[in-house]
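If you're matching them up, the sequences are chains H and C in order. First residue of the first sequence? That's 18 in my numbering, and the numbers climb one at a time after it. First residue of the second sequence? That's 7 in my numbering, and the numbers climb one at a time after it. Read through the structure below, which is laid out as structure tokens, and then see the notes.
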Amino acid sequence: MPPLGLPIYGQRAPGLETRRWRSVDQAATESELAPGEFPEGAAETPDGFGRRSFLQLLGASVALAGLEGCKPPREKVVSYVRPPADVTPSVPNAYATALARGGYAVGLVVTSWEGRPTKIEGNREHPASRGGTDAIAQAEILELYEPARLEGFVRGGRALGHVALLQELSALAKAHEKDGGARLRFLAEPTTSPTLGELRRRVLQRFPGARFDAWAPVGDDAARAGAQLAFGRALDPVHALADADVILSLESDLLALDGEPLRQSREFAARRTGGRMNRLYVAESAFTVTGGMADHRFRMRSADVLAFARAVCAELASRHGAGELAALGAPAQGDAAKRAAAVAADLARARGRSLVAAGLRQPAVVHALAAAMNAALGNAGRTVAYRPPALLDPDAGPARLATLAKELEDGKVDTLVVTAWNPLYTAPADLKLRERFPKAKDRVVLAYRDDETARAATWRLAASHALEAWGDLRARDGTVSIVQPLIQPLRASLTEVELLAAFVDAADAGTHRLVRDGWKARAGEQGFDARWDGWLAAGVAAGTAVAPETPAPDAARIAAAVRAAPPVPAGVEVGFAPDYKVLDGRYVENAWLQEFPDPITKVSWDNGAHLSDATARRLGVAQGDVIEVALHGRKVVAPVLVVPGHADDCVTLPLGYGQRAVGAVGDGVGFDAYALRTSDAPWFAVGAEVRKTGERHALATTQEHFQMNGRAIALALDQEAFGHEKRELEEHRGVPATILKPVDYTHQDYRWGMAIDLSRCIGCGACTVACQAENNIPVVGKEQVLRSREMHWLRVDRYYEGSPEDPKSVSQPLACVHCEAAPCEYVCPVNATVHGDEGLNEMVYNRCVGTRYCSNNCPYKVRRFNYLDYHGEMPTTLKMLQNPDVTVRARGVMEKCTYCTQRIERVRIGARSAGRKIGGDEIQSACQQACPTEAIVFGNLNDPGSAVSKRHADERRYDLLHELGTRPRTAYLVKLRNPNPELA
Amino acid sequence: MSTVRETVERREVLDPLETSPVLVGRPSDRDLTESLIEPVLGPTRKGWVILLLLLMGGMGFWLLSLGMTVFVGIGVWGNNIPVAWAFDITNFVWWIGIGHAGTLISAILLLFQQKWRTSINRFAEAMTLFAVAMAGMYPIIHLGRPWLFWWLIPYPSTNAIWPNFKSALPWDVFAISTYATVSFLFWYLGLIPDLATLRDAARSRTQRRIYGIMSFGWRGSARHWQHWRVGYLLLAGLSTPLVVSVHTIVSFDFAISQLPGWHTTIFPPYFVAGAIFSGFAMVVTLMVPARKFFNFEHVVTARHLDNMAKVILATGLMVAYGYVMEWFIAWYSGSEAEWFAFWNRVVGDYRGIYAMQIFCNVVAPQAFWFPSVRRSLVGLMVVSILVNVGMWAERFVIIAVTLTRDFIPGSWANYTPTWVDWGLLFGSMATFGVLFLLFLRFLPAIPISEVKELRRELEHADHHAADREARVHVERS
């Protein structure tokens, strides 16, 4: 059937062509590729990409196979005489690697099927992830297979092969030799890679006049600038939440974006249960994931956070004996004073066990104040430590970019090598990089996608994905991870290592050699091979961490900076915020992340101007009204998104959307907040004018009702109240009265069950995307989401409690709860959904005729229906992405969470072969594995020692909609809050 | 001695309970036959052709919508999660409800020997058949994979999977297929003597052949009549439980679920009453223009319309009682979700449709308390159309509006129909209209033999009346 141009993701007629394996553009340049230039498989037509090719390609991902890296590729392909020992067809392997986030490593373990990676998990050994992942890391695998990614190398419209490119780059480099590279500039992504560091050193050795600048639109430069202010040195603060009893976040989204959020959220969540519960205060403007977990959330404009921090300082100084803070403080008035007093008292009570964290959106002076408070409270060295940044570019802020822009303007740059992500789009508006960029003669751009910067390049080089290339990265604590590839590059592409190496004529060695040889030189020849293999296996190089320091802050300098801070005027503030889905915009083409509902607003396929209810009413606008936000003469048009709990007189604009040069996915999605962002006000600015345009824009939200209407759905109680209210929980658990004798599952070997601890859940949504990746869940597109047909098996419902102006929030992950008395089963006319003897509510896709009665009768509404052919004709690369253990569902059938039955079966096969029982905690569901806070556990309820059994027996346990008698296998644990009685 | 007609007219004055005759005058057999086969054998009328073409346009829309549904998927509708059933099942229940009047009139009223059913039964039965045909379409096309609908039928398959008899949907299959079959047989059996009449009166050879084959060699012998009569009564007996069972089972589709607003024990009687209510309304809607157009006023009299209006009023009151009981139980049960679901109907996003339901189904039929409204063609038309609209609204409120709000607020979402949804609703009306027009043109819409029989019965009664009067007269004199 021809494409109908239906409003389904991937089937929209204009987008279809660009989502194919080869775009028209690529087809034009294809003929110029030298034969034999590309590795077997990479240049083949999609249909030729068979199992055998993958087996051959596997070589690249297996370090032990002894292949010498990816490039230049080997052309000899010899079929296996004996299969490699560690590859069994249909049994996946896992390899440790790492991805960069803000230049720092996030340790991962990637599942690979005969050389085809399909799933990303966190690496338990890695200090930054500790086994968890976030939604973005989960979606990285889709980036790899993205059909619209760039391919090949083009210089001024002329396609180049790999060798020709290296030759021409070498010639370009040579031309810069005579003036020592004075007219050569590099604009890089901040990175910690020692290999890149070494290469940069070599490049600068050859071209002493050249310079590397780094630019990151979202980064923690302010934290380092704050350390510079406080300690005289740029240091990275490292927060240890495990020992923090009282935490004050000064707009720090430390559970989702700031610092090492995966580790921090895990440590934080561990302290939300049990006896010593921590207490979190958050002062912020936009509602963040961290704000959702706050015991007390103080909403205020971002510009007012400084005053609040000073008020806390003043309290600490005047009442709690922290005299060194006296010069920093300034008492507040009214409500704020009361809050500051309570926070200060609480912080002081927990001296040495408290923590003040400042967020990346706050200026250096707030970070310096946080450092001073931590020092005064004796937290330094206990809950907070400082480390010299492992980044090659500790300063990746607008100042460096401004210098480069000036040089471009003055015609001082001949060659600009851009490896930073899309600077033309992300650069502060006042730098006018779009106009200035073309002034460089040779504009070498290494880009993953055909973005705005790539289109303005004279050398457009396709970048390899991190899962296709060798490399190395360091975590914040300095721990090194070797990035090992999982697959040969799917497209002709280059790594940053190779590009830099080309400037010192070393690129023909290939990335693998460059990385490995570098480490050989660093670590010493002796026993290197075994150590290298060990690093690859573990994903971390042991003993490479750097010891933290606890320098003393210079109070006088901070005081001077505080005094120099200009007074905050009244007026409407515009805030810019990194987005939970697209971060700074680099994931705008990722369909999983586009469809992923924002953890706070539940908006998919869009961004909106966040406003509080009161501000919206004052401006006379409602959700979906299009407003024009003007700041210093710049304007942006955005739809209103009313967020309860947002600060008044403040409009927050998430970054990363509204890109002009994008593919089919990101096309026309959202508005560009960068248009208002200037180098002097990277995160917020007061003095905006907001005007209603009269237009409307439909925002696709996956959840429309955020109130529980007094029903017992997501239960949250104050810790103190829980003591005497827990008896009421008996109404929500236990065996419901029934006239039918329930089936007894306790004699079975296995009784699978799940428990979700709402105290731990921060609502980040990593589980949703992990489930999507594991279970081949299709993306449906904005029109379908507007029709409430999103397919996520696991959704995270979010509810507001309390006043609409200043609500508290509860997040509740909800997938099929596998009822023992399942309402869906008895209404299916064809027995397509039936009960397994281990208690799984099973869905037989082949048998389903699609009456949808099961969904109607499901009180949890967790079933998803293939209203249209959502998978459609998949491009070959997307076929490679599918998990071979999971059926790709057809049009017209119902689907839902299976408790990852494929994972159960895989473990069962292993256990049976070994003649043993499956351990109670041996199986991890995909959502559980991804969860950074260990909120979800899965296992055997018939094993009393399993984690899930213990949680089912917890005093906080309750069953959702217990009164219906469905006897769900997924139990919830009540969310506890720990409010300060002084603020009650 | 007065003429028969005068007697009838006088009785009209004398007996307030027998307000108007079921047959105007006592025309001869020949007159009756000729007037009743005229629409079939007479010339094609321009109005009929225009209306047919118009409705065939609507049928094209319906076919297009069906095609989209089957070839692209039911995603072309507005259904979603949580509202997995919407226009599809609403239309299904609406049509099947309309189909109830036929069996009721044919079977139950026959067994109760209600004379006024005679002239309208064929008409109502045809309406039933076509309504059931329209209704039967929806459960099939509403499936995600409609080509597998036969999996709901119990048959000894090699993979030994049977339908799930706990689910109400296989019961639906039995109920609807039985109903359709029995209704068809009943209708056709009733047609046989008239088909023979048509054969005998046919003007062309082709017509004679076709009607000849269709009349199965009916010669009108006493033995034929005897068998026919027994068969007809048997089928009437067989159909009687179906009047109750079909909509009872349709109501189980909802009642056996556990959704607030569906999980209600009053549904079976309430659905049956609603079905008869809407079925009679549809008969009136179709009959009022048809009797005018085809000159059936002498056999379908004001008496028929008056009686049907009374049935509408009675069943309307039953439906209203159902509404009240639903509210009472929602309150009495103390179930928060149930109470919320009912309030949501009144104050929720679809309150306009609920208001329409109450106005059309509860308020509008009260006009039938007034005899003048029951006799006024305009009044009958307006109220019966309102009832049809109201009953559709009721099913929409029960099915779709209930689904928009159930237990977990995080999953709530509204439903908006697409053009395909509207296409399937209005298109099915047009298709129904096409079938009905074809029926009116090619088959006798009024049962000729039964009307003739009725005339005899009436004459017989008239004679008795005349005798009585004569005796009274003699005694007086």
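C-beta: ideal position from N, C-alpha, C; glycine also. None of the values given here were measured: they were computed from a predicted structure.
Around the Cβ of residue 302(C), a 10 Å sphere holds 16 or more other Cβ atoms; the residue is buried. By the neighbour-count criterion, in which 16 or more other beta carbons inside 10 Å mark a residue as buried, residue 163(C) falls on the exposed side.
Rounded to the nearest whole angstrom, the C-alpha separation of residue 394(C) and residue 285(C) is 8 Å. For residue 335(H), the three-state secondary structure derived from DSSP is helix.
Close CB contacts of residue 776(H) within its chain, under the 6 Å cut and outside five residues either way in sequence, are with 289, 290, 992 and 993 (chain order). Taken through DSSP and simplified to helix, strand or coil, residue 829(H) comes out as strand. For a cut-off of 8 Å, the C-beta gap from residue 666(H) to residue 589(H) is around 5 Å, short enough to register as a contact.
Considered as a whole, the stretch 122-169 of chain H harbours 152-162 as its complete alpha helix (DSSP H) runs of no fewer than 4 residues, in chain order.
One thing to note: residue 382(H) has its Cβ within 8 Å of the Cβ of residue 582(H).
For the stretch 409-442 of chain C, the beta-carbon criterion of a distance under 7 Å to any beta-carbon of chain H is satisfied by 409, 412, 413, 414, 415, 416, 417, 418 and 419. Rounded to the nearest angstrom, the gap between the Cα atoms of residue 638(H) and residue 657(H) is 7 Å. Leaving aside the five residues that flank residue 812(H) on each side, the residues in its chain whose CB is nearer than 8 Å to its CB run, in chain order, 614, 719, 720, 785, 830, 831, 832 and 879.
Annotated three-state conformation of residue 464(H) is strand, per DSSP. Within chain C, the residues 158, 169, 170, 173, 175 and 176 have their CB atoms less than 7 Å from the CB of residue 846(H), given in chain order. For residue 843(H), the enclosing alpha helix (DSSP H) begins and ends at 840-844. Taking 9 Å as the cut-off between beta carbons, the residues of the stretch 80-91 of chain C near chain H are 80, 81, 82, 83, 84, 85, 86, 87, 88, 89, 90 and 91, in sequence order. Residue environment for residue 501(H): buried (at least 16 other C-beta atoms within 10 angstroms of its C-beta).
Annotation for residue 785(H): the continuous alpha helix (DSSP H) segment containing it runs 783-791.
By the rule that beta-carbons nearer than 8 Å mark a contact, residue 396(H) does not touch chain C. Runs of beta strand (DSSP E) with 3 or more residues, each lying fully within the stretch 77-127 of chain C, are absent. Neighbours of residue 814(H) in chain C, taken as residues whose beta carbon is under 9 Å from its own, are 414, 415, 416 and 417 in chain order. Inter-residue distance for residue 234(C) and residue 144(C) is about 35 Å (C-alpha atoms, whole angstroms).
Note on residue 747(H): under 16 other CB atoms within 10 angstroms of its CB, so exposed under the neighbour-count rule. The alpha-carbon separation between residue 387(C) and residue 311(C) amounts to approximately 10 Å.
Annotated three-state conformation of residue 195(H) is coil, per DSSP. For residue 869(H), there is no enclosing beta strand (DSSP E), as DSSP gives it neither H nor E. One alpha carbon belongs to residue 207(H), the other to residue 745(H), and they sit about 53 Å apart. With respect to residue 241(C), residue 133(C) sits apart: the two C-beta atoms are not nearer than 8 Å. Close partners of residue 870(H) in chain C (Cβ separation under 9 Å): 90, 91, 173, 174, 175, 259 and 263. Just so you know, the alpha carbons of residue 691(H) and residue 627(H) end up roughly 15 Å apart.
Scanning 212(H), 160(H), 889(H) and 202(H) for the CA closest to the CA of residue 423(H) turns up 202(H).
Residue 471(H) holds the alpha-carbon nearest to the alpha-carbon of residue 455(H) among 553(H), 587(H) and 471(H). By the rule that beta-carbons nearer than 8 Å mark a contact, residue 70(C) does not touch chain H. Distances from the CA of residue 743(H) to each of 508(H), 512(H), 971(H) and 962(H) were compared; the closest alpha carbon is that of 971(H). Counting only the Cα atoms, residue 173(C) lies some 32 Å from residue 944(H).
Contact annotation: the stretch 240-255 of chain C touches the stretch 102-116 of chain C, with at least three C-beta pairs closer than 8 Å.
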